[in-house]
Amino acid sequence: MSTPADNLPVYTAAHPPTTDSAWLRKTIPGWGADLDPADRPSVPKLRHDLDSGAHWDFPERQPEPTVRERSIEHRVLTPVFGTAQPLRGLSGAIRRAAYRFSEGRAAHWLLLLGADRVDVAEHRVTALVRLQPDNPLSETGIRAEVTHGGVRSRLRRRRSDVKHAWMDPVVVTAPWIGAAALGVRAWRKRR
Numbered sequence: 001m002s003t004p005a006d007n008l009p010v011y012t013a014a015h016p017p018t019t020d021s022a023w024l025r026k027t028i029p030g031w032g033a034d035l036d037p038a039d040r041p042s043v044p045k046l047r048h049d050l051d052s053g054a055h056w057d058f059p060e061r062q063p064e065p066t067v068r069e070r071s072i073e074h075r076v077l078t079p080v081f082g083t084a085q086p087l088r089g090l091s092g093a094i095r096r097a098a099y100r101f102s103e104g105r106a107a108h109w110l111l112l113l114g115a116d117r118v119d120v121a122e123h124r125v126t127a128l129v130r131l132q133p134d135n136p137l138s139e140t141g142i143r144a145e146v147t148h149g150g151v152r153s154r155l156r157r158r159r160s161d162v163k164h165a166w167m168d169p170v171v172v173t174a175p176w177i178g179a180a181a182l183g184v185r186a187w188r189k190r191r
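The working numbering numbers the first residue of the sequence shown as 1 and each following residue consecutively.
Spelled out as structure tokens, the structure:
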């Protein structure tokens, strides 16, 4: 095993001997060019007495008419935030619960994903109650598959969605068939 006395770097608690700076400056072109702080390009970044160049102050805060969910990592909300989709219903309660967890935990994101799925179900039920149900045939792009060469592109190219394309009709229609079956069952029980 080599030792520091052999002038070879050995990674031990004792620091290996360092080469003389003057010798390095002679043998390696450009070595030590930034030893003088005046020559370092990063030195102005290390000074805090310089003008930042920012031409604005912190913007006026957007009013919060209702309590907003916020991450526990951040003390305040950003000056401007979206209010297009206020929290409501079961999905809103799930989202509020998600913000009790840190953004670094899976529970936070899984609850938000689950809240999105619940939100979709809530909107579908709302659409059914209003007698304006979703149209799965036009919303899933089946017509475009037939009229714009969808089948042809699936046969000739290696598309990533070809592997799961067989289950797409099942995933899309299964909830509708299940809801229809439950409706028929409830209707028969009433008779």
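All C-beta atoms, glycine included, are put in the ideal place defined by N, C-alpha and C.
Asked, Found
"Under the three-state reduction of DSSP, which class applies to residue 100: helix, strand or coil?", "coil"
"Pull up the CB-CB distance for residue 86 and residue 62, whole angstroms please, since I reckon it's below 8 Å.", "Residue 86 to residue 62, Cβ: 14 Å. No contact."
"Helix, strand or coil, according to DSSP, for residue 69 in the structure here?", "coil"
"Assuming residue 138 is part of the alpha helix (DSSP H), what are its boundary residues?", "136-139"
"For residue 105 and residue 188, I'd like the C-alpha separation in whole angstroms.", "47 Å"
"To which residues of the same chain is residue 118 closer than 7 Å at the C-beta, ignoring the five residues directly before and after it?", "90, 91, 94"
"Using CA atoms only, rank isn't needed, just tell me which of 45, 27, 22, 77 is closest to residue 58.", "77"
"Residue 27 to residue 45, Cα distance in whole Å?", "31 Å"
"Does the distance from the C-beta atom of residue 103 to that of residue 73 stay below 8 Å?", "yes"
"Please state the DSSP three-state secondary structure of residue 127.", "helix"
"Using the C-alpha atoms, what's the distance from residue 38 back to residue 9?", "Since pLDDT at residue 9 reaches only 47, below the 50 mark, its modelled position is unreliable, and the value read off the structure follows with that caveat. C-alpha separation (whole angstroms): 31 Å."
"From which residue to which residue does the alpha helix (DSSP H) around residue 78 run?", "Run containing residue 78: none; DSSP gives neither H nor E here."
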